[in-house]
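Asks:
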Amino acid sequence: MIHLTKHHGLGNDFLVLIDLEDRLHLSTDQISILCDRHMGVGADGLIRVLKGDGYSNRQVQGDSIEGGEAGQSTRVIEDAKVAMCLYNADGKEAEISGNGLACLAQAVLDAGLVSPSEFLVTTAAGVRKVSAKPSDTPFEYRVKLQMGEVSLQDMPELVNPLGAALADQPDCIEILQFCRADVGNPHLIALTKDARGINLLSDTMIVLRLLDAKGIDRQVNLEFISIGEKSDEIEMKVFERGVGESLACGTGSCAAAAAAHMWGHVGTDVVVNNPGGVLHVELTPLPSQGGATAARVFQAVLDTTAKKVADIEVDPNALKRFGVRSFGQGVL
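In terms of the numbering used here, the sequence shown has 65 at position 63, counting the first letter as 1, and numbering is strictly consecutive.
#1: Check the DSSP bridge columns for residue 182 and list the partner residues they point to.
#2: Just checking my contact of residue 274 with residue 255 at CB under 8 Å: how many whole Å lie between their CB atoms?
#3: So, do the stretch 44-52 and the stretch 83-98 have three or more beta carbon pairs nearer to each other than 8 Å?
#4: Out of 28, 36, 103, point me to the one whose CA is closest to residue 297's CA.
#5: Less than 9 Å separating the beta-carbons of residue 202 and residue 180?
#6: If I follow the unbroken alpha helix (DSSP H) through residue 377, where does it start and stop?
#7: Taking Cβ positions, are residue 191 and residue 258 nearer each other than 9 Å?
#8: Using the Cβ count rule (16 or more neighbours within 10 Å means buried), how would you classify residue 101?
#9: In this structure, does DSSP put residue 333 in helix, strand or coil?
#10: Can you check DSSP and say which residues form a bridge with residue 295?
#11: So, for residue 270: in the same chain, excluding its five sequence neighbours on each side, which residues have a beta-carbon less than 8 Å away from its beta-carbon?
#12: Would the beta-carbon of residue 237 fall within 9 Å of that of residue 183?
#13: Suppose the cutoff is 6 Å on Cβ atoms and the five residues either side in sequence are ignored; what does the same chain contact list for residue 331 look like?
#14: For the putative contact between residue 6 and residue 17, defined by C-beta atoms under 8 Å, what is the C-beta separation to the nearest angstrom?
#15: Quick check on residue 34: does DSSP put it in helix, strand or coil?
#16: Counting along the chain, where does the alpha helix (DSSP H) carrying residue 208 start and finish?
#17: For residue 268 versus residue 233, is the C-beta spacing smaller than 9 Å?
#18: Give me the Cα-Cα distance between residue 235 and residue 214, rounded to the nearest whole angstrom.
#19: So, are the CB atoms of residue 341 and residue 12 less than 9 Å apart?
#20: Looking only at its own chain, which residues have a Cβ that is under 7 Å from the Cβ of residue 157, when we skip the five neighbours before and after it?
#21: How would you write the range of the alpha helix (DSSP H) that residue 110 sits in, first residue to last?
#22: What number of angstroms, rounded off, separates the C-alpha of residue 9 from the C-alpha of residue 175?
#23: Mind checking who residue 279 pairs with in its DSSP beta bridge?
#24: Check the DSSP bridge columns for residue 301 and list the partner residues they point to.
#25: Here's the rule I'm using: 16 or more other beta-carbon atoms within 10 Å means buried, otherwise exposed. How should residue 216 be labelled?
#26: Quick one: Cα of residue 14 to Cα of residue 162, how far?
#27: In whole angstroms, give me the CA-to-CA distance for residue 155 and residue 145.
#28: In chain order, what residues of the same chain have a beta carbon less than 6 Å from the beta carbon of residue 230, not counting five sequence neighbours either side?
#29: How far does the beta strand (DSSP E) with residue 127 in it extend, from its first residue to its last?
#30: Rounded to whole angstroms, what's the CA-CA distance from residue 25 to residue 81? Just pull it up for me.
#31: Please report the straight-line C-alpha distance between residue 200 and residue 239, rounded to a whole angstrom.
#32: Find the nearest neighbour of residue 131 within the set 122, 137, 138, 218, judged by alpha-carbon distance.
#33: Cα-Cα, which of 241, 147, 116 is closest to residue 208?
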């Protein structure tokens with residue numbers, strides 16, 4: 003029997019499996035089936051929670067902690083309470099997720115593995131500092147994450163070829179600037195006039211074909227952004243590697259804010275409007291994602307010998323947040 007909880011941050015949802023003894027190794031196919039929204043439970047990804055030194059025998063890119071020094075990764079990992087092993091909806095392992103970290107934080111706090119305040123989490127992208135505490139809303143936590151350094155590479159050479167690539171398109175997407183970013187995972191930021199008007203699926207395919215034509219690795223998270231109506235505000239839509247369209251992206255919000263700042267459009271405190279809600283990004287001294295929330299949706303119990311996907315247990319009180327007044331044969 004495998005016990006999962008499901009959480010989301012602004013609609014960016016994850017299944018969380020606490021496996022401190024590192025015994026529950028799901029296959030790529032098993033994870034992709036669980037994350038399938040029609041054939042499984044449904045999620046943008048699955049997180050397996052290990053002990054803090056769970057990456058001790060695996061490659062970790064660096065500590066990424068404010069004030070950390072080169073070569074201190076081993077010491078920092080020893081201080082980490084838990085580790086995050088992250089898989090995208092396609093079952094393939096990914097480096098890090100901001101909303102995934104928020105969901106992990108709620109899961110480990112609910113399980114009593116850490117105390118509400120600050121704690122360290124080891125990820126494949128390095129160690130990240132997490133601050134989390136319950137909010138006034140039941141089943142919800144307020145979370146602030148230190149996301150590590152953002153590396154940026156402006157790519158103006160991609161802008162002009164896009165016109166030729168779009169010559170046969172009836173409704174051409176207009177890209178003003180391109181930038182590659184790394185926040186422990188790879189991103190491509192495309193500045194447009196109106197990100198809200200983007201046809202995410204078709205326009206993403208156009209950009210990916212452009213990357214193929216230029217011989218550039220297309221395994222990136224793609225963010226379309228535009229400058230918001232208010233100062234230090236941007237609009238964003240995201241197509242995540244191994245997931246598809248997502249309602250929010252924490253690392254993508256940090257990458258987009260850093261790119262917009264580099265281009266001179268925003269300052270260092272940036273409001274990023276994701277389709278699922280607002281994330282606040284502070285760019286100094288290291289990027290942090292604040293104002294994030296993590297909400298637990300339900301618990302699932304998987305019987306690996308059964309044909310059904312899962313037994314789902316929803317706490318009726320959680321549904322009150324959505325205005326639901328009846329559930330099954332009962333009355334709330």
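Virtual Cβ for every residue (Gly too), placed ideally from N, Cα, C.
Replies: The short version:
#1: According to the DSSP secondary-structure assignment, residue 182 is paired through a beta bridge with 155, 190.
#2: Sure, about 4 Å apart at Cβ, within 8 Å.
#3: yes
#4: 103
#5: no
#6: This structure cannot settle anything about residue 377, because the visible part of the chain is limited to 3 through 334.
#7: yes
#8: buried
#9: Note on residue 333: pLDDT 34, under 50, position unreliable in the model; the coordinate value appears next. Three-state result, residue 333: strand.
#10: 144
#11: Cβ-Cβ distances below 8 Å link residue 270 to 263, 284, 285, 286 in the same chain, with the five nearest sequence neighbours on each side left out; the list follows chain order.
#12: no
#13: With a pLDDT of 39 at residue 331, under the threshold of 50, the predicted position of this residue should be treated as unreliable, though the coordinate-derived value follows. Around residue 331: no qualifying Cβ.
#14: The C-beta separation of residue 6 from residue 17 comes to about 5 Å, placing the pair in contact by the 8 Å criterion.
#15: helix
#16: 202-215
#17: yes
#18: Distance between the alpha carbons of residue 235 and residue 214: 31 Å.
#19: Any answer about residue 341 is impossible in this case: the structure gives the chain only from 3 up to 334.
#20: 180, 181, 182
#21: 100-112
#22: 34 Å
#23: DSSP lists 276 as partners of residue 279.
#24: 7, 315
#25: exposed
#26: Taking the straight line from one Cα to the other gives about 33 Å.
#27: 29 Å
#28: 236, 237
#29: Residue 127 -> no beta strand (DSSP E), and no H or E assigned at all.
#30: 22 Å
#31: 8 Å
#32: 122
#33: It is 241.
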